[in-house]
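Read the structure below first, then the notes.
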Amino acid sequence: MRAHDLSAGGDVLARVHAVAREATRIHGLTGAEVTLVNVSENATYRVDDPATGTRSILRVHRLGYHSTPAILSELAWLEALREQAGIRTPRVIPAPGGARVLTVPGPEPRDCVMFEFLPGAEPSQDDPVPGFERLGALTARMHRHARGWSRPEGFTRFHWDHEAALGAESRWGRWQDGLGVGAEARTVLGRLDKEVRERLHRFGRGPERYGLIHADLRAANLLVEGENPPGVIDFDDCGFGWYLYDLAAAVSFVEHRPEVPELLDAWVRGYRTVLDLPAEDEAEIWTFVLFRRLLLVAWIGTHGGADIAAELGAGYTEGTCELAERYLGGSFG
């Protein structure tokens, strides 16, 4: 899989910025200030309207990642979580005419979605344990809703199973092509991939373990406001996967830190205040942490335009090899 289009450089981002400007114009926000906030799978912009003083968030989708029906499916779950489960999620701001997904025409038509600006800040890392306990409870509420929700006709989202993540499809690229994957790393990570694949196969995809998940519930996608439960943003990766993958995603990029076992325990405590988590499921938590970590080695290799990918680079692969050796040696569980 090639690096996606938003990693291709300044010319592409300039065209994407022009799309963002056109999308705001179609939304009737002529004269609004459009500021790039983040580039990952998509480009995210903050839109400030000087005429009204209001602020919103515009997401310009990368090419070829999600179909329009898939984006509409994401928005349907985001809305259902807010209205049926009381999860704080951003409202979609339809374009004039009512379209929730606005396709901006041009040589490369791009889908765009405008969201309300959700107040709050990323959770503080000064004392993360209580935050992870709250996150565990919040995640369980989302899983409980997903299990009972009657999805609308035409609902379509991709899967986060091993085949899609690390197999022939390799949605974010192959870990073998990650930064710093030399002969020694290839051997270690190959052993890890084989072990994870076999353990996930044994774990199975029963409905009590596998369903609709957010798939990226890390701190960057949570908004804390006072003592309220965190708001949840960026459902772009939501799809079908193991429920424990949501826990693994919560420690993305920091899986090696010494406080992580304590954070995992706190998440489990919070989760169990809402839903059962059997001991045999808890025993596989580190399998999912290493599964996600290996997937992120691939992601870094194909997302050079993302700040965190450039920051972590080959050092993340080296750390993954160290974690893999410990996991394969039985140090985790």
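To convert, note that position 218 of the sequence shown is 221 in my numbering; the numbers rise steadily by one, no gaps. The C-beta atom is built at its ideal place from N, Cα and C for all residues, glycine as well.
Residue i by DSSP, collapsed to three states: which one?
i, result
"F256", "coil"
"C241", "coil"
"D14", "helix"
"T33", "coil"
"V277", "coil"
"A171", "coil"
"L225", "strand"
"V191", "helix"
What residues in its chain sit with their C-beta under 6 Å from that of residue i, if we drop five residues either side in the sequence?
i, result
"R274", "Per the sequence presented here, residue 274 reads as Tyr, with Arg not at that position. Here the set comprises G139, A143, L280."
"R58", "D51, F120"
Name the two residues that bound the continuous alpha helix (DSSP H) containing residue i.
i, result
"A88", "71 to 88"
"D284", "282 to 285"
"G378", "Outside the modelled stretch of the chain, which goes from 4 to 336, sits residue 378, for which no answer is possible."
"T142", "131 to 151"
"T320", "310 to 331"
"V292", "288 to 305"
How close, in whole Å, do the beta carbons of residue i and residue j come, if the pair is a contact with beta carbons under 8 Å?
i, j, result
"H30", "A98", "6 Å"
"A149", "G214", "5 Å"
"V263", "V271", "Actually they do not touch by this definition, with Cβ atoms about 13 Å apart."
"A218", "D240", "4 Å"
Any beta-carbon of chain D closer than 8 Å to the one on residue i?
i, result
"T47", "Among the chains in the structure shown there is no chain D, since it carries only a single protein chain."
Quick one: give me the first and last residue of the beta strand (DSSP E) that residue i is part of.
i, result
"I216", "213 to 216"
"R208", "Looking at the DSSP string, R208 is not in any beta strand (DSSP E), and its letter there is neither H nor E."
"I96", "No beta strand (DSSP E) contains I96, which DSSP labels as neither H nor E."
"T57", "Note, T57: premise wrong, no beta strand (DSSP E); not H, not E."
Can you name the residues that DSSP bridges to residue i?
i, result
"H162", "F243"
"E262", "Beta-bridge pairing links E262 to no other residue."
"T38", "R49"
"V63", "A46, C115"
Sorted by chain position, which residues of the same chain lie with C-beta nearer than 7 Å to residue i's C-beta, five sequence neighbours on each side aside?
i, result
"R49", "T38, V40, R58, I60"
"E198", "L331"
"T320", "G181, L182, G183, V184, A188, V300"
Keeping to the same chain, check which residues put their C-beta closer than 8 Å to that of residue i; ignore five residues upstream and five downstream.
i, result
"C324", "E187, A188, V191, L192"
"R24", "V37"
"T92", "L81, E82, L84, R85, L121, G234, V235, I236, F238"
"H146", "G214, I216, Y246, D249, L278"
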